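Okay, so the sequence shown: first residue is 1 according to the UniProt record's numbering, each after it adds one.
Virtual Cβ for every residue (Gly too), placed ideally from N, Cα, C.
Note that the coordinates shown come from a computational prediction; the quantities given were computed from them, not determined experimentally.
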Amino acid sequence: MLAKENGSSTLRRSNSNEDLDKKKPFSRPFGKTRIGDNPTSGGRSVRMASPAPGETATLLRQNQELRQRLQEEANSYRRRLDTYKQAQQNQANLVSRLQSKVMQYKQRCTDLEGQV
């Protein structure tokens, strides 16, 4: 709420519930349309003209090429992902074997120290 004090404007906060009750939810003013709505089309969407037959064939070919390229990229990604997973599994196996060897060496050292 804006209040005039000593000739200057200051912002004053009101704690009354009346001010909150007076506020109405946002609504679009009568006669206004959404951005992108064409008021002359009566709210209907405007259709684009169909491409010429030669353009249709070109678009279909491009569409097919793009689909093929997408499929190839997806297959390549899957192969790379599988390779990564396999390398990760191999590394986990190596770490496990090394940990096992370390435990064996520790046990052997303990046994040798016990003999001395």
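Three-state secondary structure (DSSP) of residue i
i: Val102; result: helix
i: Leu112; result: helix
i: Pro51; result: coil
i: Val95; result: helix
Contact under 9 angstroms by Cβ, residue i with residue j
i: residue 198; j: Thr58; result: Outside the displayed range of the chain (1 to 116) lies residue 198, so it cannot be described from this structure.
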